[in-house]
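*Asks:* In the numbering used here, the protein residues as written are 24 to 530. For each residue, glycine too, the CB sits at the ideal point set by N, CA and C. Sending over a structure as structure tokens; questions will come in a sec.
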Ligand SMILES: Nc1ncnc2c1ncn2[C@@H]1O[C@H](COP(=O)(O)OP(=O)(O)OP(=O)(O)O)[C@@H](O)[C@H]1O
Ligand SMILES: [Mg+2]
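As structure tokens, this is what we get:
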């Protein structure tokens with residue numbers, strides 16, 4: 024193993040009402056991939072933000088390449104070779120890929136920004152990483168997975184020696200993840216030290232050398248990955264054992280609650296037909312970009328439909344906008360929590376109350392605070408949302424806890440159809456199980472539940488029925504308990520070869 028390149032001792036950091044880091048010890052060596060693990064709110068991102076100059080510590084010592092450092096600015100950290108890929112994508116949506124990659128270190132020619140030079144350099148880096156994105160494209164128009172690849176390319180373009188990846192794979196496809204792992208191995212071989220934060224524990228085995236575990240703002244243990252087991256890792260993270268990771272309940276399929284016929288909406292939603300029954304959970308599998316998110320958005324009335332019929336309890340309903348959908352009892356917990364799911368400047372209470380104003384207001388439109396408290400407290404308790412109070416801004420929550428608020432706000436209602444888009448993205452293993460229990464609870468109440476997920480194990484473990492999509496179309500349906508990974512992958516890539524062939528022809 025290489026030399027110690029980062030060492031942090033006795034690091035403390037408090038936010039109002041929270042001791043985020045309490046006497047934390049941390050060490051990284053060159054040429055290693057170290058997984059930094061812990062439940063939502065354990066302090067992982069906060070610790071790494073201190074190392075990369077985003078936050079300053081309250082106390083403690085920090086050495087980078089053997090040199091002691093006090094408070095760092097992000098720029099100083101970058102100059103020292105520390106790069107961070109943030110958990111929350113934070114790019115300028117209206118700027119191009121190249122402009123984002125060189126933000127703050129723009130290339131200038133005779134006092135004028137040289138877009139051409141930045142584009143050429145961005146193209147070189149993207150090519151080297153084999154990432155297929157046009158550097159001139161506006162970032163806001165890219166799907167989340169591509170935005171995440173841009174973040175990764177951006178971090179790598181700074182020639183980092185210490186690279187921090189805060190949940191880099193949370194919205195990547197399996198092929199993109201393979202690419203990322205290849206890049207990680209290459210960097211490791213060059214002597215780069217990598218901190219890898221992830222709640223997808225099954226991916227650790229492919230890249231990780233050592234594991235550091237945190238719990239409640241404290242350092243719990245450091246171990247070589249080879250000397251530990253997954254159960255040991257989990258119980259160190261959670262403080263107890265988790266026996267059942269996928270608590271599937273029996274399915275008693277009842278009446279058909281919801282039916283979509285011949286739905287078309289843009290290129291990614293082509294002739295979609297499916298039914299949801301009471302007493303079952305349907306998982307939508309497929310690769311990122313298969314059209315699953317677009318399908319849920321078209322149903323929910325976020326995006327316009329070109330054609331198609333929607334039947335609720337056998338009767339046709341018209342959903343022209345989100346309001347129509349909510350009134351009919353159809354809800355969607357969306358994928359992109361920052362953009363669609365959460366108002367980060369509002370409190371947790373306001374976020375949860377917002378879609379439920381009809382429930383918490385009296386006839387005159389005045390908020391009944393008792394009722395509001397009841398709904399919020401229940402949500403916080405049910406989903407174990409870690410926060411000092413429901414009145415703090417949603418922005419101050421850890422990533423996973425923000426996701427829980429997105430899910431929570433829809434659970435207060437009596438809905439008939441609940442659609443979840445990547446409900447457990449960035450959520451720790453204990454909270455995942457809580458979300459599965461909640462889905463099971465909805466299922467037991469006779470609510471039609473569907474969820475989109477890119478985690479194959481989750482679709483296979485929780486759904487009763489699996490619908491697979493590829494390139495905007497449904498390519499097959501499987502009974503979950505009989506389905507194999509290969510079957511799902513075959514259906515999920517049915518048009519892939521054709522698509523690539525067509526793309527090559529275009530070129
Ligand atoms: N800017 C902030 N203001 C107030 N509290 C904060 C802020 N940032 C983090 N916290 C709090 O500090 C604690 C640690 O948060 P942190 O984001 O480091 O957790 P995490 O381990 O990265 O969790 P996750 O897996 O959910 O991303 C949490 O209780 C969080 O609410
Ligand atoms: Mg985090």
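Taking Cβ to Cβ, would you say residue 70 is nearer than 8 Å to residue 47?
*Replies:* Counted from its first residue, the chain shown places residue 70 at position 47. Counted from its first residue, the chain shown places residue 47 at position 24. The answer is yes: Cβ separation under 8 Å.
*Asks:* Could you check the C-alpha separation between residue 385 and residue 391 for me, to the nearest Å?
*Replies:* Reading the chain shown from its first residue, position 362 is the one you call residue 385. Reading the chain shown from its first residue, position 368 is the one you call residue 391. One C-alpha to the other measures close to 7 Å.
*Asks:* Nearest-angstrom Cα distance between residue 192 and residue 111?
*Replies:* One-based indexing of the chain shown puts residue 192 at position 169. One-based indexing of the chain shown puts residue 111 at position 88. In a straight line, the C-alpha of residue 192 is about 12 Å away from that of residue 111.
*Asks:* What distance in whole Å lies between the Cβ atoms of residue 225 and residue 480, which are believed to be in contact at a cut-off of 8 Å?
*Replies:* The residue you call residue 480 lines up with position 457 of the chain shown. The residue you call residue 225 lines up with position 202 of the chain shown. Yes, they are in contact, since the Cβ atoms of residue 480 and residue 225 sit about 7 Å apart, within 8 Å.
*Asks:* Going straight from the alpha carbon of residue 106 to that of residue 34, what length do you get?
*Replies:* In the chain shown, the residue the question calls residue 106 occupies position 83. In the chain shown, the residue the question calls residue 34 occupies position 11. For residue 106 and residue 34, the distance between alpha carbons rounds to 20 Å.
*Asks:* What does the Cβ neighbour count give for residue 404, buried or exposed, with the cut at 16 atoms within 10 Å?
*Replies:* Counting from one through the chain shown, the residue named residue 404 turns up at place 381. Exposed.
*Asks:* When burial is assigned at 16 or more other CB atoms within 10 Å of the CB, is residue 537 buried or exposed?
*Replies:* An answer regarding residue 537 cannot be provided, because it is not within the stretch 24 to 530 covered by the chain.
*Asks:* Taking a contact to mean a Cβ-Cβ separation below 8 Å, would you say residue 367 touches residue 400 in this structure?
*Replies:* As a position in the chain shown, residue 367 is number 344, starting the count at 1. As a position in the chain shown, residue 400 is number 377, starting the count at 1. It is not a contact, given that the beta carbons lie outside the stated cut-off.
*Asks:* Spatial neighbours of residue 285 within its chain, please: C-beta separation below 8 Å, excluding the five flanking residues on both sides.
*Replies:* Here residue 285 is taken as the residue at index 262 of the chain shown, counted from 1. Same-chain partners within the cutoff: 294, 295, 296, 330, 331 and 332.
*Asks:* Helix, strand or coil for residue 343, going by three-state DSSP, please let me know.
*Replies:* If you number the chain shown from 1, residue 343 lands on position 320. Of the three classes helix, strand and coil, the one that applies to residue 343 here is coil, per DSSP.
*Asks:* Please report the distance separating the alpha-carbon of residue 541 from that of residue 348.
*Replies:* The chain is shown only over 24 to 530; residue 541 falls outside these bounds and no answer can be derived.
*Asks:* Reducing DSSP to helix, strand and coil, say where residue 142 ends up.
*Replies:* Numbered from 1 along the chain shown, position 119 holds the residue referred to as residue 142. Correct three-state label for residue 142: helix.
*Asks:* For ligand 2, any of its heavy atoms closer than 7 Å to the Cβ of residue 221?
*Replies:* Counting from 1 along the chain shown, the entry for residue 221 is found at position 198. For ligand 2, not one heavy atom lies less than 7 Å from the Cβ of residue 221.
*Asks:* Quick one, which of 374, 258, 241 and 439 has its alpha-carbon nearest residue 334's?
*Replies:* If you number the chain shown from 1, residue 334 lands on position 311. Residue 334 has its Cα closest to that of 439, out of 374, 258, 241 and 439.
*Asks:* Which residue comes first and which comes last in the beta strand (DSSP E) that contains residue 237?
*Replies:* In the chain shown, counting from the first residue as 1, residue 237 sits at position 214. 233-238 is the extent of the beta strand (DSSP E) around residue 237.
*Asks:* So for residue 171, helix, strand or coil by DSSP?
*Replies:* For this step, residue 171 is matched to residue 148 along the chain shown. Taken through DSSP and simplified to helix, strand or coil, residue 171 comes out as helix.
*Asks:* Which stretch, first to last residue, makes up the beta strand (DSSP E) that contains residue 56?
*Replies:* What you label residue 56 is simply residue 33 of the chain shown in a count that begins at 1. It spans 56-60 - the beta strand (DSSP E) in which residue 56 sits, taken as one unbroken run.
*Asks:* Curious, which full-length alpha helix (DSSP H) runs of at least 4 residues does the stretch 153-210 contain?
*Replies:* Secondary structure in the stretch 153-210: the alpha helix (DSSP H) runs of 4 residues or longer, each lying completely within the stretch, are 167-179 in chain order.
*Asks:* With which residues is residue 30 paired in a DSSP beta bridge?
*Replies:* Your numbering for residue 30 matches position 7 in the chain shown. Its beta-bridge partners are 50 and 86.
*Asks:* With respect to 7 Å, is the separation between the Cβ of residue 189 and the closest non-hydrogen atom of ligand 2 below this value?
*Replies:* The residue labelled residue 189 in the question sits at position 166 within the chain shown. Yes, the beta carbon of residue 189 sits closer than 7 Å to at least one heavy atom of ligand 2.
*Asks:* Below 8 Å, can you find three or more Cβ-Cβ pairs linking the stretch 495-513 to the stretch 303-317?
*Replies:* Because the criterion of three Cβ pairs below 8 Å is met, the stretch 495-513 and the stretch 303-317 touch.
*Asks:* Comparing C-alpha positions only, which one of 64, 37, 236 and 372 sits nearest to residue 79?
*Replies:* The residue you call residue 79 lines up with position 56 of the chain shown. The option with the nearest alpha carbon to residue 79 is 37.
*Asks:* Once you ignore the five residues that flank residue 200 on each side, which residues in its own chain have a CB closer than 8 Å to its CB?
*Replies:* Along the chain shown, one-based indexing puts residue 200 at 177. Cβ neighbours of residue 200 beyond the five flanking positions: 192 and 226.
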